Amino acid sequence: MFHLGWFYGFQVQSWNGTWSGSDGATEWMTPDMFVEAAQAMERAGFDCMVIEDALFVQDIYKGSAEFTLSNAFMAPKHDPMPYVPVMAAGTKHLGFIPTVTTSFYPPFLAARLLSTLDHVTGGRVGANLVMSHNDRTAQNFGLDGQAEHDHRYEMGDEWVELVNRLWGSWEPDALVLDEEAHVYADHTKVSRVDFEGSFYRSRGPLNTAPSPQGRPVLCQAGGSPRGRDFAARNADILLSNVQGIEAMKEYRDDIRARAAAFGRDPDDIKIVFLVSPVLGATDAEATRRWDRMVAATEQNLEANLAFLSYYSGIDYSTLDLDAPIPHLSTNASRSTIAHTKEQSAGQTLREYASHPVRSCVELIGSPDTVAERMGEVAEEVGGDGFLISLPLTRRTIAEVTDGLAPALRARGLIRDGYPHATLRETLKEF
Ligand SMILES: Cc1cc2nc3c(=O)[nH]c(=O)nc-3n(C[C@H](O)[C@H](O)[C@H](O)COP(=O)(O)O)c2cc1C
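Number 203 in the UniProt record's numbering belongs to position 203 of the sequence shown; there are no gaps in the numbering.
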């Protein structure tokens, strides 16, 4: 059995297209469609949603925000936090993992917010920790640019240490609620943390009550060697978008070895791989759909160049489209440009970027065909599950939750119930 999540952000999911719905342009601004989506995922046996986030409007590509804003490409985007309690109120079991930047959330506020959300969701919250790769984000917080790449992870390690200490500042049984003795909380079980790090200081204790999970689930997607160390040291669930079976195996083995070196049990870490299945009622129908996606070369090219610019901070429109991708260096997402260089070997930038967005493995076919393939991949890689990366439209939700998920369940590959209350327990179940 493996775990299933869905990865998306609170932004336009689809608009101006055949299947965008009657109000794709603005419906995302209110939570109803996300509540519906969460309910469908829960019915289907998903473990969690991972909610992407960023704090800037991309204007790297072609030196302007025109592409971003004309196409609603990653902007406008809303803060995931306020949507979480609304979705939680409409569901009972699904976990919610909103993105939190360690670079700009003060640790005390993050610890307090996540502890509060853990109460509000009944123990179903986590945090996807990112370091905010882009200089534009830093500029929105009054800095000239981002800290050096590996240094961000150094700071992130200390940030997690402090947040964990704050969550631990109340012992789990500190609330005694003794009416006769008139003691609400036992003050001897609530301690200062007196944290003095190289980057952060905090006195503590936290001023929230101990939450159902105690420590909300931590999620991470670092890809560079330093990022992998951060993830292996701190995360409970890891997201990866490496491509191909061999790269997936390498990633998993590497993370597990790093976790063991940090004194952790590698089985405590779940690694899920990003996939964007292309589904149809039959294999032939799915293939025709895929062929149409491949044929949209001009559209793919712009979207990919903008995406690469977004993650690297390098304007890919300035590169020679008809030459191989040159060696580039970035202080933003290092693994994105490293993967791109590797995967594009033998191709020009135009050839590489004219292809639809790639997922860890290509999944094209009927629900049965794709379910079968996902089972084989999980077997081969030994991974812990998959993260569906598709815009949330009623069409994709129905295809995945009412088409693919039943085919996975019929094969015994995904859960058919939730015996545990919290996200942490749900993830640990298998
Ligand atoms: C599946 C997945 C989800 C991610 N989600 C976010 C996100 O929501 N916000 C963000 O700023 N970065 C996100 N990232 C980027 C990572 O946090 C990280 O910056 C990236 O993988 C590069 O890491 P590296 O610099 O260690 O190579 C995501 C990456 C992956 C693979």
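Even for Gly, the Cβ is constructed at its ideal location relative to N, Cα and C. Note that the coordinates shown come from a computational prediction; the quantities given were computed from them, not determined experimentally.
| query | result |
| --- | --- |
| Sequence-distant residues of the same chain with beta carbon closer than 6 angstroms to Ser169, five excluded per side | Ser191, Val193, Gly204, Pro205 and Leu206 |
| Pro106 versus Met155 - alpha carbon distance | 12 angstroms |
| Reduced DSSP secondary structure (H/G/I, E/B, other) of Val275 | strand |
| At least 3 beta-carbon pairs within less than 8 angstroms: the region 121-128 vs the region 85-102 | yes |
| Tyr61 classed as buried or exposed, judged by whether at least 16 other C-beta atoms fall within 10 angstroms | buried |
| Option nearest Val84 by Cα separation, candidates Lys77, Pro98, Asn71 and Phe73 | Pro98 |
| Per-residue DSSP class, three states only, for Tyr251 | helix |
| Classification of Gly403 by the beta-carbon crowding that lies within 10 angstroms, buried from 16 upward | buried |
| Closer than 6 angstroms: Ala221 CB and nearest ligand 1 heavy atom | yes |
| Extent of the continuous alpha helix (DSSP H) run through Trp159 | His149 to Trp167 |
| Heavy atom of ligand 3 within 6 angstroms of Arg233 beta-carbon | As for ligand 3, it is missing from this structure, which binds only ligand 1. |
| Three CB pairs or more closer than 8 angstroms across the region 146-154 and the region 225-235 | yes |
| Residue from Ala261, Cys48 and Lys270 with nearest C-alpha to Ser240 | Lys270 |
| Distance cut-off 6 angstroms: Ser333 Cβ against heavy atoms of ligand 1 | yes |
| Beta carbon of Thr401 nearer than 7 angstroms to that of Ser14 | no |
| Rounded Cβ spacing between Gly383 and Met1 (contact assumed at less than 8 angstroms) | Actually they do not touch by this definition, with Cβ atoms about 12 angstroms apart. |
| Assigned exposure category for residue 435 - 16 Cβ within 10 Å defines buried | Any question about residue 435 goes unanswered here, given that the chain covers just 1 to 430. |
| Coil, strand or helix - Asp178 by DSSP | strand |
| Three or more C-beta pairs below 8 angstroms linking the region 28-48 and the region 62-69 | no |
| Residue environment, Pro367, which counts as buried when at least 16 other CB atoms sit within 10 Å | buried |
| Paired residues, beta bridge with Phe96 - DSSP | Met49 and Val125 |
| Rounded straight-line distance, which links the Cα of Cys360 to that of Glu372 | 16 angstroms |
| Distance cut-off 6 angstroms: Ala54 Cβ against heavy atoms of ligand 1 | yes |
| Rounded straight-line distance, which links the Cα of Val377 to that of Leu117 | 34 angstroms |
| Between the CA atoms of Glu179 and Arg395 - distance to the nearest angstrom | 54 angstroms |
| Which listed residue (Trp159, Leu143, Arg215 and Arg264) has its alpha carbon closest to that of His119 | Arg215 |
| Start-to-end residues for the alpha helix (DSSP H) that takes in Trp290 | Asp283 to Ala295 |
| Close-in-space but distant-in-sequence residues of the same chain around Leu162 (CB under 7 angstroms, 5 per side omitted) | Pro107, Phe195, Gly197, Tyr200 and Ser202 |
| Nearest candidate by alpha-carbon position, reference Ala44, set Leu423, Tyr418 and Leu427 | Tyr418 |
| Three-state class that DSSP yields for Phe73 in the structure shown | coil |
| Assigned exposure category for Asn16 - 16 Cβ within 10 Å defines buried | exposed |
| Which of helix, strand or coil DSSP assigns to Leu239 | strand |
| Proximity to Phe56 [Cα-Cα], best of Asn140, Met49 and Ser103 | Asn140 |
| Length of the line joining the Cα atoms of Ala209 and Thr188 | 14 angstroms |
| Every unbroken alpha helix (DSSP H) within the region 365-418, with a cutoff of 4 residues, ordered by chain | 367-381, 394-397 and 405-410 |
| Proximity to Thr348 [Cα-Cα], best of Glu42, Thr30 and Pro326 | Pro326 |
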